[in-house]
Amino acid sequence: MTDDAAAAPICLARPLPGPDDLRAGCAAARAVDGRPLHAAALKFFWGPMDCGKSTMALQMNHNHARQGRRGLVTTRIDRSLGPQVTTRIGLAHAAVEVTDTLDLRDLVRDAWAEGVRVDYLICDEASFYNLEHIDQMADLVDNYDVDVYAFGLATDFRSCLFPAAQRLFELADSVARIQVEVLCWCGREGLLNARVVDGRVAREGEQVVIGDTVDTAEVRYQVLCRRHYRAGDLGGR
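Under our numbering, think of the first position of the sequence shown as 9, with each following residue one higher.
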């Protein structure tokens, strides 16, 4: 939740919509944050490691909060292993940890019940969410007029789509690749996330294994171009 939300002096919570409200809604209706009702969107921003996904997530949260909107920040398996969004350039923000049993709709409804307005969700590390979470995001957009901005990887260390990322590609109103350029060691554009174990590119294993990008890590990850990913060539690190 943004700091602005905690300081709100009055209750501006959005009421829970009922079936009659959904049928009777009109294009001219406005939400409490001034935006047209039924104008919310599910947007997915993706890219390889080190392209600034979490940084962009925190920047977007900051920009929306400055305009008086109220939001919640969620994450799953952040590199810090804590309930926060962290970035490689040193930024951090408290976040709600997404578990298998968490229903994102209940998260928003509980906030509303406490008188806290929720206009949007920032969902970092969305590729690690489960499929139910992605459908809950779509439900929040379609039935509750809550904007959802998801950030995450598209493919795993085997170059296969994460199930949650695939579902986001299927359901999102818009999908955008983050344009911060990440380079392979050879200077070509980095496309794929290689898992490195014992100095070699791993081809088998669990889809999600926590690691780092430093050379001394027992399990580390390195962004490679397609040519050197397929060849397993890590360069002269």
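Note that beta-carbon positions come from the ideal geometry of N, C-alpha and C, so glycine has one too. These figures come from a predicted structure and were not determined experimentally.
Can you tell me which of 139, 72, 152, 190 puts its alpha carbon nearest to the alpha carbon of residue 173?
-> 139
Assign residue 165 to one of three DSSP states: helix, strand, or coil.
-> coil
Candidates 211, 129, 244, of which the one nearest residue 78 by Cα = 129
Where DSSP assigns a beta bridge to residue 131, which residues make up the other side?
-> 82, 158
Any chance the segment 90-100 sits against the segment 184-194, with 3 or more Cβ pairs inside 8 angstroms?
-> no
Helix, strand or coil at residue 115 [DSSP, three-state] = helix
Which of helix, strand or coil does DSSP assign to residue 24?
-> At residue 24 the pLDDT is 49, less than 50, meaning the model places this residue with poor confidence and gives no usable figure here.
If you draw a straight line from the C-alpha of residue 240 to the C-alpha of residue 229, how long is it?
-> 12 angstroms
Measure the alpha-carbon distance for residue 163 versus residue 183 and round it to whole angstroms.
-> 14 angstroms
Secondary structure at residue 63, three-state DSSP: helix, strand or coil?
-> In the displayed model, residue 63 falls within a helix according to three-state DSSP.
Could you give the DSSP three-state label for residue 136: helix, strand or coil?
-> Reduced to three states, the DSSP call for residue 136 is helix.
8 angstroms Cβ cutoff met for residue 144 and residue 111 = Contact flag set, yes.
Reduced DSSP category for residue 144 - H, G, I as helix; E, B as strand; rest coil | helix
With a 10 Å radius around its C-beta and 16 neighbouring C-beta atoms as the bar for buried, classify residue 198 as buried or exposed.
-> buried
Of the residues 70, 61, 85, 80, the one placed nearest residue 218, counting alpha carbons only | 85
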